[in-house]
Amino acid sequence: MIYYSSFNDSGRADIWMYNFRTGERKAITQTAEREYSPTLTPDGKNISCIIQRDNGAQDLGMYPLNGGNPTILIDNLKVGYHVWVSTTQLLLFVLESEGHNSLRLYNTTDKTNTVVAENPGRALHRIPGTNKFSFVLKVDANDWRIQEFDPITKTFTKIANCIAGHEDICWLDNKTILSSDGTNFAILDRSNPSSWQPVRVDDPAKLITSITRIASNGNGKIAFVVAE
Numbered sequence: 091m092i093y094y095s096s097f098n099d100s101g102r103a104d105i106w107m108y109n110f111r112t113g114e115r116k117a118i119t120q121t122a123e124r125e126y127s128p129t130l131t132p133d134g135k136n137i138s139c140i141i142q143r144d145n146g147a148q149d150l151g152m153y154p155l156n157g158g159n160p161t162i163l164i165d166n167l168k169v170g171y172h173v174w175v176s177t178t179q180l181l182l183f184v185l186e187s188e189g190h191n192s193l194r195l196y197n198t199t200d201k202t203n204t205v206v207a208e209n210p211g212r213a214l215h216r217i218p219g220t221n222k223f224s225f226v227l228k229v230d231a232n233d234w235r236i237q238e239f240d241p242i243t244k245t246f247t248k249i250a251n252c253i254a255g256h257e258d259i260c261w262l263d264n265k266t267i268l269s270s271d272g273t274n275f276a277i278l279d280r281s282n283p284s285s286w287q288p289v290r291v292d293d294p295a296k297l298i299t300s301i302t303r304i305a306s307n308g309n310g311k312i313a314f315v316v317a318e
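Heads up: the sequence shown begins at 91 in this note's numbering, then just goes up one per residue.
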């Protein structure tokens, strides 16, 4: 299964599901709002997503996979992207009123949140097979770093530098990162973090430029967004 956001004819974004095995395509939401960044919840029963409202708010909500009204999880922060740390914790990319972004650890039980980093990128991922997470830290315009974050110890470890000017990554396994320069893909092995290696594509004519938003299912399949 892949869950994604798709615009309708009126310019509203809904969450859709596509089943690779059956070819079925199904709408999870059909609302007057705009929903983005669908993420399967830890229990596998819901899709959490950004709900963008006409007043500019960006709440984090949760829709049942089988349909129904959303449960609003966060309505006091302008959430842009998120990843589940546990059944009660989230790592959030938050748009701040001062014009910068922050990375926050949020508890859904007591509603507390802690800023753990400033100026993160949008790619938030659990590192496969671990309880650690990666994000991109934008130190300045020329220094973007892939960082490892341990939510238990609250410690950070630099993994590697991003491909210059490109923040979208995903993990193929707990040692291998996939990224793109917008046109071509490259991989990086954590044991050799200074060297991005190009990925051979059998038919590059089928790839459209401006590759962003890369995701992997951990079993050899990837999905990514391109410009048409």
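No residue lacks a Cβ here, since even glycine has one placed at the ideal position from N, Cα and C.
query: Beta-carbon contacts of P132 that lie in its chain and below 6 angstroms, excluding the five residues immediately before and after; result: W174, T177
query: Cα-Cα separation between F239 and K135, rounded to whole angstroms; result: 27 angstroms
query: Neighbourhood of N156 by C-beta, 8 angstroms cutoff - its chain only, sequence neighbours within 5 removed; result: none
query: For Q287, the residue or residues it bridges with in DSSP; result: I277
query: Continuous beta strand (DSSP E) stretch holding T302: start and end; result: 302-306
query: Where Q120 sits in the DSSP three-state scheme; result: coil
query: Cut-off 7 angstroms between Cβ atoms - residues of its own chain near H256, not counting five sequence neighbours on either side; result: S269, S270, D271, G272
query: W261 and P218 closer than 8 angstroms at C-beta; result: yes
query: Cβ-based burial, E125 [other Cβ within 10 Å; buried from 16]; result: buried
query: C252 in three-state terms, based on DSSP; result: coil
query: Three-state class that DSSP yields for M91 in the structure shown; result: coil
query: Where S192 falls, given that 16 or more other Cβ within 10 Å makes a residue buried; result: buried
query: Stretch-stretch touch, CB-based, cutoff 8 angstroms, three pairs: the region 303-313 with the region 236-254; result: no
query: Contact check, A213 vs V226, beta carbons under 8 angstroms; result: yes
query: Buried/exposed call for A305, threshold 16 Cβ in 10 Å; result: buried
query: CB-CB length for Y196 against L180, believed under 8 angstroms; result: 5 angstroms
query: Residue from A231, D149, D104, F223 whose Cα sits closest to the Cα of T243; result: F223
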